[in-house]
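When we follow this note's numbering, the leftmost residue of the sequence shown carries the number 37, and every step to the right adds one. For glycine and all other residues, C-beta sits at the position ideal for the given N, C-alpha and C. These notes concern the structure reproduced below.
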Amino acid sequence: MDVSGLFDSHCHLDDAQFDGDREAVLARAHEHGVSLCLTAGSDVASSLACALLAQTHTGVYASAGVHPHAAAQVGDDYLTKIQELTSRPRVLAIGEIGLDYYYDNAPRDIQRTRLLEQLALADELNLPVILHVREAHGDLQAMLSERGTRHAGGVIHCFTGSLESAQHYLKLGYYIAFGGALTYKNADRIRQVAAQLPMDRLLIETDSPYLAPVPLRGKRNEPAHVRLVCDALAAVRGMTPQETADITRRNAKELFRIPG
Ligand code: NI
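Quick look at the structure:
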């Protein structure tokens, strides 16, 4: 059955893997009922590319930020550049930012410094944040707790943590986004978490071109496949895919303050 009004709340349309067929990818997303998506920046150059994509494509929004993988490679003026990008049309959030202690592509103290700098910028600009966290929930929760409930909110993207961890983020004002992992065969634990959280705080996403859902696992992911994530969430919640698409779209629009 067709579903309309899907919102892929996190993808990387600027990724080089889309260079050959970006327009076709976006057309396919529309054909599959994905009316909205947010392309997340991962460093200054990628954030600019995302802003330009948002500016030139209906239904595409962007965020600007430096990913923990790139935390050690920023210039002195990176914060000013990120701030400038957020003043462009359709750039709605700071992200993706966070901590990644799995890959450790940048030293952890530098990751923490970049995160704190960008959280402070988001506070100053009163913008929501998009958070990436891998094997660092303890540190992230400590840092976020210290800052208190976030008025402009944010989202923990591609969530695969525990129920307790999710509840901690919810209490601090964050949404929880589920991606392709929700469809993996061995992911009963993630599905159980997704079944128990308040529906009005959940988003869906692809993180494309990464993390393709089953049965496309291992292939290039694209926003059209958010339908598979939607179906998986609908199944664990006992809802129809259309209801799930509608609620998660409303949630994302509220978080990113998209009118209408
Ligand atoms: Ni991402």
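Distance between Val39 and Ala281 (C-alpha atoms, nearest Å): Working through the sequence shown from its first residue, we reach residue 281 at position 245. Working through the sequence shown from its first residue, we reach residue 39 at position 3. Cα-Cα distance, rounded: 7 Å.
Using the rule of at least 16 other Cβ atoms within 10 Å of the residue's Cβ for burial, across every protein chain shown, is Ser78 buried or exposed? Position 42 of the sequence shown holds residue 78. Classification of Ser78: buried, given that the 10 Å Cβ count is 16 or more.
Whether Glu241 touches Val262 by CB criterion (8 Å): Counting from one through the sequence shown, the residue named residue 241 turns up at place 205. Counting from one through the sequence shown, the residue named residue 262 turns up at place 226. Yes, Cβ-Cβ distance for Glu241 and Val262 is below 8 Å.
Separation of Ala270 from Gln278, as counted between CA atoms: As a working note, residue 278 is residue 242 in the sequence shown. As a working note, residue 270 is residue 234 in the sequence shown. About 9 Å.
Is the segment 222-239 touching the segment 179-188, taking contact as three or more C-beta pairs under 8 Å? no
For Gly134, write down the residues that DSSP places opposite it in a beta bridge. Taking the sequence shown and counting its residues from 1, the one referred to as residue 134 is at position 98. According to DSSP, Gly134 bridges with His168.
Taking the alpha carbon of Asn287 as the point to measure from, which residue in Gln53, Gly101, Phe214, Glu132 has its own alpha carbon closest? Translated into the one-based positions of the sequence shown, residue 287 becomes position 251. The shortest Cα separation from Asn287 among Gln53, Gly101, Phe214, Glu132 belongs to Phe214.
Kindly indicate the opening and closing residues of the alpha helix (DSSP H) around Cys86. Your numbering for residue 86 matches position 50 in the sequence shown. Per DSSP, Cys86 belongs to the alpha helix (DSSP H) from 80-92.
Would you mind reading off the limits of the beta strand (DSSP E) that contains Tyr211? What you label residue 211 is simply residue 175 of the sequence shown in a count that begins at 1. Counting along the chain, the beta strand (DSSP E) containing Tyr211 begins and ends at 210-214.
With 16 other Cβ atoms within 10 Å as the buried cut-off, status of Thr92: The count along the sequence shown starts at 1 and reaches residue 92 at position 56. That one is exposed.
When Gly69, Thr116, Lys207 are compared against Gln154, the one with the closest alpha-carbon: Start at 1 with the first residue of the sequence shown, and residue 154 comes out as number 118. Selected option, being the one with the closest Cα: Thr116.
heavy atom of ligand 1 below 7 Å from Asp243 C-beta: On the sequence shown, position 207 is the one that residue 243 refers to. Within the cutoff, so yes.
Let me know if Glu297 comes out buried or exposed under the rule of 16 or more other beta-carbons within 10 Å of its beta-carbon. No information on residue 297 is available, as it lies outside the stretch 37 to 296 that the chain covers here.
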